[in-house]
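*Asks:* Chains H and V are the protein sequences, given in the same order.
No gaps in the numbering here: position 48 of the first sequence is 48 in my numbering, and each next residue is one more.
No gaps in the numbering here: position 155 of the second sequence is 371 in my numbering, and each next residue is one more.
Glycine is no exception: its CB is placed at the ideal position from the N, C-alpha and C atoms.
Please read through the structure below; I'll follow up with questions.
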Amino acid sequence: MVENISKLLSDLEENRVLELVKELIQKGENPNKILEAVGNGMRLIGERWKSKEYFTPEVIFGAEISHEITEILNPILENNINNEEKKPIILIGTVKGDIHDIGKNIIISLLRAEKFGIYDLGVDLPPEVFIEKIKELKPNILGLSGLLTLAVDSMKELIDKISEEGLRENIKIIIGGPFLSEKTCNYVGADAYTNNGDDGIEIIKNWMVNYNGKGC
Amino acid sequence: MAKVVNPNKLFRQRVRAFGAMRDLKQPKFTPFVIPTKEWAIEFYGKHDLAAYNYNYSLIEKVLDHLYDNIPMDGLTPSYPGAKPAPFFDALGAKTYKFPGRDLDVNTASQFPQNNIYMEANEYPEFIDDPIKFFLDKSIPRKHSNLRESPRKELNLIKGAMEITRYRSIYYSILLKIAQKYGIPPIFQSSIPTGPLDFIGDFLRTLTQLFIDIKRQPEEVKAAADAIVPILVKYGESAFAKPATVPAIMVPLHVGMFLRPKDFEEFYWPSFKKMAVTLINDGFTPVFHGESDWTPYIEFLSELPKGSIWLFEKIDWDRADEELTNLAFGGTIPLDLLRFGNPEKVISEVQSQIDKYSPRGGFFLCTPMPLMSIADAKPENVMALAKYLFEKNFM
Ligand code: B12
């Protein structure tokens, strides 16, 4: 029954999946199991997106349905927190001067399904905000999104500051956006770049297991 | 350099070349334009961006410096664009963020979509009478100074006067540039965006629009359909009299989010209606197809002749072969201008001319406007422009 959640979610059957969730809660199903099924459903959506059956709107709608499910679960989950083991942490944001966030949000939705600890910092972020969060959370990976051409220089400025602060050694940096290239990646001093989400997610997953040297 | 050649003659040659290009006939030369909004201001380098929001005549020096150094065949929109900050101030709109007002003095203006101006359950009302919906609902929601009478009427007049003041200064500058350099201002009129794009950009936000497509598909289609005549009228009303190339720029950034089957159902019908109406009415729509349009080539091939496309990305060889009904540009990669050197830039652009100019409907352009000065090394752009100018006119 719980597994049906994954299937219905990945088929974007909003009403049916919400009904099923409510029904399962009534029957006393473990909310963490439901959450896990939601994660699997998002992963299925990710696969259908990778194979180009789904485009951006389908991923956004899937994330919206997942969000509705978590809203239903939240009150129950509060008295049900199980101390999860420490997760690897990824910090993601759109750099200074840029407000584009659809691509970033897709990456976040799909990575959430992978059980990483994801922190979304938002958009148009000055370097100080990143630096402060890096000091506070000590993330393993920093993901920067940039769609405007001027984002390249914002990325460079940020990564230079991270180095000045002595924080660069302990963090892998990936930059994402449609026009980034090996040249821009070298120029800004990141470890990898991507123009599309599935490569990006692959690189991040690899980094989580062990860094395999892929990048720019 | 540009001054040796008679500007009147240049002007006529350039307009003729754009016309021939649109008509897919062989122009005498391949027209060359690069939209340079904020880039041109940094290239001039005398004031921060914010200065241009309020002092409209400052832009004259920027354009003079730009076209003196970089001759182009058409004048593209310059900063601050169609509507300046004081217009939005008068109406009390916070839809755009401007340098010096909401942003650092050198940060390019932003259009963050974080407000919804039409609720999901208001589609029927919008479809029934879009203009009434604007007047009663979305405009007052968007503009804090347009809520109650009589202040609303006064503020509206203030806004209209500001736009008139801006345009009269701006157009007189365009005229001077045209007279001095023979550059026709053909890319100055626009429609904010395509029909379905409009619902996303100005009423719902793109993210909500995508969700609406799933939840209330019929209403979304009807809404896109309902806005078509208004957009057409908006674009056409900019021309008092017929022009040789009555170009109307239309940026498009929603269609290419959709799967081809959804594109066909949700995007194409209203868009095609708009494009065909503009063409049949004798105008030249210049569509800026943002992102990758390769998956939609088949649809585009249905359009009647008469539109010009600036593609950010497309399979150029397929476009060349299959889109025999339209003119296109957008092939000059920004990485080339950013990291290349003059020789490389010239040789690559020349090979693009060799390859695509035989189709007639081809112009030279970057896939997107230049924003910061680092986007393109000035020496690269200058060398390219000089090369083309000498080749075409000397
Ligand atoms: C949609 C869009 C908008 C929307 C944004 C809505 C939103 N909430 O994000 C709106 C309409 C608001 C908008 C506004 C503007 N835009 Co805009 N916009 C686009 C457009 C068409 C698509 C972007 C998009 O969402 N793509 C879909 C997503 C899914 O793809 P993606 O972002 O590339 O993300 C994928 C990968 O890149 C990667 N990825 C992305 N980030 C990350 C991060 C990490 C960590 C990883 C691993 C991977 C990754 O994975 C994603 C999934 O595959 C682009 C064109 C383009 N080629 O991108 C123009 C574009 C970026 N915009 C442009 C411009 C000019 C603007 C404006 C300045 C226009 C204006 N005058 O108002 C404004 C203001 C923007 C600002 N100051 O920040 C220009 C930029 C030109 C330049 N020289 O820089 C572009 C290139 C269009 C063009 N051809 O002219 N825009």
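Tell me whether the segment 360-380 of chain V and the segment 259-270 of chain V touch, counting them as touching only if at least three CB pairs, one residue from each stretch, are closer than 8 angstroms.
*Replies:* no
*Asks:* With 8 angstroms as the threshold, decide whether the Cβ of SER181(H) is near any Cβ in chain V.
*Replies:* The count along the first sequence starts at 1 and reaches residue 181(H) at position 181. SER181(H) counts as touching chain V.
*Asks:* I need the straight-line Cα distance from ASP531(V) to THR582(V), nearest angstrom please.
*Replies:* Start at 1 with the first residue of the second sequence, and residue 531(V) comes out as number 315. Start at 1 with the first residue of the second sequence, and residue 582(V) comes out as number 366. One Cα belongs to ASP531(V), the other to THR582(V), and the distance between them is close to 15 angstroms.
*Asks:* For LEU600(V), count neighbouring C-beta atoms within 10 Å of its own C-beta (all shown protein chains included) and say buried if the count is 16 or more, exposed if not.
*Replies:* One-based indexing of the second sequence puts residue 600(V) at position 384. The residue in question, LEU600(V), is buried, as its Cβ has 16 or more Cβ neighbours within 10 Å.
*Asks:* Taking any Cβ of chain H, which residues in the segment 578-590 of chain V have a Cβ under 8 angstroms from it, in chain order?
*Replies:* Listed by position along the chain: MET584, LEU586, MET587, SER588 and ALA590.
*Asks:* To the nearest angstrom, how far is the alpha carbon of LYS183(H) from that of LEU24(H)?
*Replies:* For this step, residue 183(H) is matched to residue 183 along the first sequence. For this step, residue 24(H) is matched to residue 24 along the first sequence. Cα to Cα, the separation comes out at about 52 angstroms.
*Asks:* Distance check for LYS33(H) and PRO467(V), CA to CA, integer angstroms please.
*Replies:* As a first step, residue 467(V) is located in the second sequence; it is residue number 251 there, counting from the start. As a first step, residue 33(H) is located in the first sequence; it is residue number 33 there, counting from the start. Between PRO467(V) and LYS33(H), the C-alpha separation is close to 46 angstroms.
*Asks:* Under the rule that 16 or more other beta-carbon atoms within 10 Å means buried, what is ASN83(H), buried or exposed?
*Replies:* Stepping through the first sequence from its first residue, residue 83(H) is reached at position 83. Residue placement at ASN83(H) cannot be trusted, given a pLDDT of 44 that sits under 50; what the coordinates show is reported in the next sentence. Flag for ASN83(H) reads exposed.
*Asks:* Would you tell me roughly how many angstroms separate the C-alpha atoms of GLN424(V) and ASN330(V), rounded to the nearest one?
*Replies:* Your numbering for residue 424(V) matches position 208 in the second sequence. Your numbering for residue 330(V) matches position 114 in the second sequence. In a straight line, the C-alpha of GLN424(V) is about 10 angstroms away from that of ASN330(V).
*Asks:* Closer than 7 angstroms to a non-hydrogen atom of the ligand NAP - does that hold for the CB of LEU147(H)?
*Replies:* Here the bound small molecules are the ligand B12; the ligand NAP is not part of this structure.
*Asks:* May I ask you to report which of helix, strand or coil DSSP gives GLU369(V)?
*Replies:* Residue numbering aside, residue 369(V) sits at position 153 when the second sequence is read from its first letter. Helix at GLU369(V).
*Asks:* Suppose you measure from the CA of ILE402(V) to the CA of GLY297(V); what does that come to, to the nearest Å?
*Replies:* To locate residue 402(V), count along the second sequence from 1; it is residue 186. To locate residue 297(V), count along the second sequence from 1; it is residue 81. Taking the straight line joining both Cα atoms gives about 14 angstroms.
*Asks:* From the DSSP output, which residues share a beta bridge with TRP525(V)?
*Replies:* As a first step, residue 525(V) is located in the second sequence; it is residue number 309 there, counting from the start. DSSP lists PHE503(V) and PHE544(V) as partners of TRP525(V).
*Asks:* At a cut-off of 7 angstroms, is PRO296(V) close to the ligand B12 when judged by its beta-carbon and the heavy atoms of the ligand?
*Replies:* In the second sequence, counting from the first residue as 1, residue 296(V) sits at position 80. No, the Cβ of PRO296(V) stays beyond 7 angstroms of every heavy atom of the ligand B12.
*Asks:* What are the boundary residues of the alpha helix (DSSP H) that ASP344(V) is part of?
*Replies:* One-based indexing of the second sequence puts residue 344(V) at position 128. Unbroken alpha helix (DSSP H) run through ASP344(V): 339-344.
*Asks:* Considering LEU468(V), what are the terminal residues of the alpha helix (DSSP H) in which it resides?
*Replies:* Counting from 1 along the second sequence, the entry for residue 468(V) is found at position 252. The continuous stretches of alpha helix (DSSP H) do not include LEU468(V), which lies in the beta strand (DSSP E) extending over residues 463-468.
*Asks:* Would THR323(V) count as contacting chain H if we go by Cβ distances under 8 angstroms?
*Replies:* The residue labelled residue 323(V) in the question sits at position 107 within the second sequence. Interface residue (Cβ-Cβ distance to chain H less than 8 angstroms): THR323(V) is classified as such.
*Asks:* With burial defined as no fewer than 16 other Cβ atoms inside 10 Å of the residue's Cβ, what is the status of ILE92(H): buried or exposed?
*Replies:* In the first sequence, counting from the first residue as 1, residue 92(H) sits at position 92. Burial call: buried.
*Asks:* Smallest Cα separation from PRO346(V): which of PHE426(V), ALA438(V) and GLN404(V)?
*Replies:* Translated into positions along the second sequence, residue 346(V) becomes position 130. Closest in alpha carbon position to PRO346(V), among PHE426(V), ALA438(V) and GLN404(V), is ALA438(V).
*Asks:* Once DSSP output is grouped into helix, strand and coil, what is the label at HIS359(V)?
*Replies:* Here the question's residue 359(V) lines up with position 143 in the second sequence. Three-state result, HIS359(V): strand.
*Asks:* Which partner residues of GLN26(H) appear in the DSSP bridge assignment?
*Replies:* Along the first sequence, one-based indexing puts residue 26(H) at 26. Checking the DSSP bridge columns, you'll see GLN26(H) has no partner listed.
*Asks:* Considering Cα atoms alone, identify which of TYR312(V), THR409(V) and GLY522(V) is closest to VAL470(V).
*Replies:* Position 254 of the second sequence holds residue 470(V). Ranking TYR312(V), THR409(V) and GLY522(V) by Cα distance to VAL470(V) puts THR409(V) first.
*Asks:* For PHE130(H), would you say it is in contact with chain V, using Cβ-to-Cβ distances shorter than 8 angstroms as the test?
*Replies:* As a position in the first sequence, residue 130(H) is number 130, starting the count at 1. Not a single C-beta of chain V is nearer than 8 angstroms to the C-beta of PHE130(H).
*Asks:* If we ignore side chains and look at the alpha-carbon of each, how far apart do CYS185(H) and ASN40(H) end up?
*Replies:* Here residue 185(H) refers to the residue found at position 185 of the first sequence. Here residue 40(H) refers to the residue found at position 40 of the first sequence. Approximately 32 angstroms between the Cα atoms of the pair.
*Asks:* If we ignore side chains and look at the alpha-carbon of each, how far apart do ILE407(V) and VAL492(V) end up?
*Replies:* The residue labelled residue 407(V) in the question sits at position 191 within the second sequence. The residue labelled residue 492(V) in the question sits at position 276 within the second sequence. In a straight line, the C-alpha of ILE407(V) is about 15 angstroms away from that of VAL492(V).
*Asks:* Roughly how many angstroms lie between the CA atoms of LYS219(V) and THR540(V), to the nearest whole one?
*Replies:* In the second sequence, residue 219(V) corresponds to position 3, counting from 1. In the second sequence, residue 540(V) corresponds to position 324, counting from 1. Summary for LYS219(V): the model assigns pLDDT 49, below 50, so the residue's position carries little reliability; its value from the coordinates is reported in the next sentence. Those two C-alpha atoms are separated by around 37 angstroms.
*Asks:* Pair every Cβ in the segment 413-420 of chain V with every Cβ in the segment 449-463 of chain V, then say whether three or more of these pairs are closer than 8 angstroms.
*Replies:* no
*Asks:* Tell me, which residues are paired with VAL95(H) by DSSP?
*Replies:* Taking the first sequence and counting its residues from 1, one reaches residue 95(H) at position 95. According to DSSP, which records beta bridges pairwise, VAL95(H) is partnered with LEU125(H).
*Asks:* Could you have a look at ILE81(H) and say whether DSSP puts it in helix, strand or coil?
*Replies:* By one-based count along the first sequence, residue 81(H) stands at place 81. Here the model assigns ILE81(H) a pLDDT of 49, short of 50, so the residue's position is not dependable, and the following value carries that caveat. DSSP, reduced to helix, strand and coil, places ILE81(H) outside both helices and strands of the structure shown, so it counts as coil.
*Asks:* Do ILE28(H) and ILE45(H) have their C-beta atoms within less than 8 angstroms of each other?
*Replies:* Counting from one through the first sequence, the residue named residue 28(H) turns up at place 28. Counting from one through the first sequence, the residue named residue 45(H) turns up at place 45. Sequence check: residue 28(H) is Gly here, not Ile. Cβ atoms of GLY28(H) and ILE45(H): not closer than 8 angstroms.
*Asks:* Looking at the strands, I want to know which residues DSSP matches up with PRO315(V).
*Replies:* The residue labelled residue 315(V) in the question sits at position 99 within the second sequence. Per DSSP, LEU319(V).
*Asks:* Quick check: what's the CA-CA separation for GLU85(H) versus ARG112(H)?
*Replies:* Numbered from 1 along the first sequence, position 85 holds the residue referred to as residue 85(H). Numbered from 1 along the first sequence, position 112 holds the residue referred to as residue 112(H). Low confidence applies here, because GLU85(H) scores a pLDDT of 49, under 50, leaving its location unreliable; read the following figure in that light. Their backbone Cα atoms lie some 16 angstroms apart in a straight line.
*Asks:* Which residues, taken in chain order from the segment 153-178 of chain H, show a beta carbon closer than 8 angstroms to some beta carbon of chain V?
*Replies:* Against chain V - using a Cβ distance shorter than 8 angstroms - the residues of the segment 153-178 of chain H are ASP153 and PRO178.
*Asks:* Please confirm whether any heavy atom of the ligand B12 lies closer than 7 angstroms to the CB of ILE107(H).
*Replies:* Residue 107(H) sits at position 107 when you count from the first residue of the first sequence. Yes, since a heavy atom of the ligand B12 falls inside the 7 angstroms radius drawn around the Cβ of ILE107(H).
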